[in-house]
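Enquirer: In the numbering used here, the protein residues as written are -13 to 447.
For each residue, glycine too, the CB sits at the ideal point set by N, CA and C.
Here you go, one structure.
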Amino acid sequence: LVTVRELYRNSSKYVDQKVRIGGWVRNLRDSKTFGFLVINDGTYFQTLQVVFGEQLDNFQEICKLNVGAAVIVEGTLVATPKAKQPFEIQADSVYVEGASTPDYPIQPKRHSFEYLRTMTHLRARTNTFQAVFRVRSLIAYAIHKFFQERDFVYVHTPLITGSDCEGAGEMFRVTTLELENIPKDEEGHVDYSKDFFGKETNLTVSGQLNGETFAMAFRNIYTFGPTFRAENSNTTRHAAEFWMIEPEMAFADLDDNMALAEAMLKYVINYVLENAPEEMNFFNQFVDKGLIERLKHVADSDFAHVTYTEAVELLEKHNDKFEYKVHWGTDLQTEHERYLTEKVFKRPVFVTDYPKEIKAFYMKMNPDNKTVAAMDLLVPGIGEIIGGSQREDNYDKLIQRMNELGLREEDYAFYLDLRRYGSTRHAGFGLGFERCVMYLTGMGNIRDVIPFPRTVKNCDI
Ligand code: 4AD
Ligand code: MG
């Protein structure tokens, strides 16, 4: 079998030659003596037209095919300079691998993304989703390549954990206890000693704490895996299950961290523009006009930097435009993040040094004792795509912060050990993989960049 992508990329090699392709019928027309099949073979979102005539033994069978059928076609590739598509196949044979039925839900017309979300098992057979999920796969590869080329060790951190890294209490509980008769102690608390692990456990919200233990052994590491958050936010940017990339570097501070994040994002942009030109042109034409030019510009220019305090001063002047008013101490909402990156800086911007109250316990306290060495990277169209920080490496300060927040030392004994045995300055960040895919494809809804989305009230397939 030759791939349709190969035919488009190197057509001169194949014109007037015999070719063989396997694919699915996207459209078909027939008359008494001949017909056309439009085939997509999955290697490229473009289709290939196949002309078949009544001389084929199974001419009647082919005429009766429905959209969605799987076929293997053998024939001659013929140039068709006057037609919409540059070439077609004149079939010597069309072997029907698997027929389809007339109720196949993806008919040859434009379907809305909303409609296609109701059939995640079939939507990958449409042009847009072919392009999205192929590029998603490439971005994953590019991210691994970026870190591997820099000698970062890929760590597989666990999905089931006993800690809440972000301290936001947005965890999915993991338990084998039977819902009807969960054992409780005298005070009515669930008795987890009877549970599988003998303690309370949940799906991880972040691999960072485990990642830090490896950074203290390997210096530079990264994780790349699924994370879970039971956030009740029904937005276009939140999923309950999403993938995160979390590098962690020992002997590094917040500036090193931001430099790494910027280099990584630029690397991935360049990689995708270079290695998926067809898909990127498709997005540029049909999903987000101007996408390619914008991404090229981002890859070629420096990201902006602003402290949280400066950002709040800038935003306060525009409070009349916002649903949520900004004051020093409030967390930035998507509307504020987007205003900063789209209207003020007009490029990706790092916001640094947030108030400690709105950030996680592990972030390094700044000398002002009010802010922490945090950084969020905001990008146009999305808002926060990366969240990171330098970590508190001082044992006493970390304990103090944990006490203030009511975290139990025994739950974080391993984490505290890292500050007792050869603590070093260190820093890392988390890139939301789906948000990265949205940014690079111009797709507007997180549900359309993850193959099988899990969001509030939605866990199909
Ligand atoms: O800012 P967050 O919560 O940071 C952490 O989890 C740190 N432990 C990372 C680290 O320093 N190692 O999440 C990081 C990124 C966000 O910037 C966002 O892109 C993405 O993860 N993210 C989500 N993406 C989709 N759906 C959600 N519900 C998300 N929550 C966070
Ligand atoms: Mg964050």
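State the CB to CB distance for the pair Glu217 and His224, rounded to an integer number of angstroms; the pair is presumed to be in contact (CB under 8 Å).
Expert: 6 Å
Enquirer: How should His412 be labelled, buried or exposed, when 16 other C-beta atoms within 10 angstroms of its C-beta is the threshold for buried?
Expert: buried
Enquirer: How big is the Cα-Cα spacing for Tyr59 and Tyr81?
Expert: Correcting the residue identity first, residue 59 is Val in this sequence and not Tyr. Going by the C-alpha atoms only, they are around 6 Å apart.
Enquirer: Taking Cβ positions, are Leu124 and Pro212 nearer each other than 9 Å?
Expert: no
Enquirer: On the CB-based measure, 16 or more other CB atoms within 10 Å of its CB, does Trp314 come out buried or exposed?
Expert: Classification for Trp314: exposed.
Enquirer: Work out the CA separation of Val(-12) and Ile37 for me, nearest whole Å.
Expert: Checking the sequence shown, residue 37 turns out to be Val, not Ile. Looking at the two C-alpha atoms, the distance is approximately 18 Å.
Enquirer: Can you tell me where the alpha helix (DSSP H) holding Gln271 begins and where it ends?
Expert: Per DSSP, Gln271 belongs to the alpha helix (DSSP H) from Pro263 to Phe272.
Enquirer: Pick from Ile129, Pro366 and Leu34: whose alpha carbon is nearest that of Ala69?
Expert: Leu34
Enquirer: Please state whether DSSP places Ser179 in a helix, a strand or coil.
Expert: helix
Enquirer: For the segment 336 to 347 against the segment 361 to 376, do three or more pairs of beta-carbon atoms, one drawn from each stretch, fall closer than 8 Å, so that the two count as touching?
Expert: yes
Enquirer: Apply the 10 Å Cβ neighbour rule to Ala245 and answer buried if 16 or more other Cβ atoms are within range, or exposed otherwise.
Expert: exposed
Enquirer: Taking only three categories from DSSP, how would you classify Leu417?
Expert: Strand, per DSSP.
Enquirer: Restricting to Cα atoms, I'd like to know which of Arg324, Glu296, Tyr294 and Asp16 is closest to Phe308.
Expert: Arg324
Enquirer: List the DSSP bridge partners of Phe38.
Expert: Gly21
Enquirer: Would you call the segment 382 to 398 in contact with the segment 229 to 243, where contact means no fewer than 3 C-beta pairs closer than 8 Å?
Expert: no
Enquirer: What is the rounded straight-line gap between the Cα of Arg406 and the Cα of Gly193?
Expert: 21 Å
Enquirer: Does DSSP classify Ile255 as helix, strand or coil?
Expert: It is helical.
Enquirer: Only counting runs of 4 or more residues, tell me where the alpha helix (DSSP H) segments fall wholly within the segment 77 to 108, in order along the chain.
Expert: 99 to 103
Enquirer: Tell me, to the nearest whole angstrom, how far the beta carbon of Gly373 is from that of Gly416; I am working on the premise that it is less than 8 Å.
Expert: 6 Å
Enquirer: Hey, how far is the Cα of Glu328 from the Cα of Ile368?
Expert: 10 Å
Enquirer: How many angstroms separate the CA atom of Ala297 from the CA atom of Leu326?
Expert: 8 Å
Enquirer: Curious, which full-length beta strand (DSSP E) runs of at least 3 residues does the segment 359 to 426 contain?
Expert: 360 to 365, 369 to 376 and 412 to 418
Enquirer: Please indicate yes or no: does the CB of Arg(-9) lie closer than 8 Å to some heavy atom of the ligand 4AD?
Expert: Arg(-9) Cβ: outside cutoff for every heavy atom of the ligand 4AD.
Enquirer: Using 8 Å as the cut-off, classify the Cβ of Phe415 as near or not near the heavy atoms of the ligand 4AD, replying yes or no.
Expert: yes
Enquirer: Taking the alpha-carbon positions, what's the Asn267 to Val121 distance?
Expert: 12 Å
Enquirer: Taking a contact to mean a Cβ-Cβ separation below 9 Å, would you say Leu42 touches Ser86 in this structure?
Expert: No, the pair does not count as a contact, with Cβ atoms beyond the cut-off.
Enquirer: Could you tell me which residues DSSP pairs with Gly61 in its beta bridges?
Expert: Val5 and Ala77
Enquirer: Give the straight-line distance between the Cα atoms of Pro91 and Ser98, rounded to the nearest whole angstrom.
Expert: 12 Å
Enquirer: Going by other Cβ atoms of all chains shown within 10 Å of its Cβ, with 16 needed for buried, is Ile149 buried or exposed?
Expert: It is Ser, not Ile, that sits at residue 149 in the sequence shown. Buried is the call here.
Enquirer: Rounded to the nearest angstrom, what separates Asn188 and Arg421 at their Cα positions?
Expert: If I take the Cα positions, the gap works out to 24 Å.
Enquirer: I'd like the list of long-range same chain contacts for Trp229, defined as Cβ closer than 6 Å, with 5 residues on each side in sequence excluded.
Expert: Taking C-beta separations shorter than 6 Å and ignoring five residues to either side along the sequence, the partners of Trp229 in its chain run Pro212 and Phe419, following chain order.
Enquirer: With 16 as the cutoff for other CB atoms within 10 Å, does Ala226 come out buried or exposed?
Expert: buried
Enquirer: Who sits around the ligand MG, taking every residue whose Cβ is closer than 7 Å to one of its heavy atoms?
Expert: Asp362, Glu370 and Gly373
Enquirer: How about Arg6 and Thr222: do their beta carbons lie closer than 9 Å?
Expert: no
Enquirer: Taking just the CA atoms, how far does Lys282 sit from Asn256?
Expert: 8 Å
Enquirer: Give the range of the beta strand (DSSP E) segment to which Leu189 is assigned.
Expert: Thr187 to Leu189
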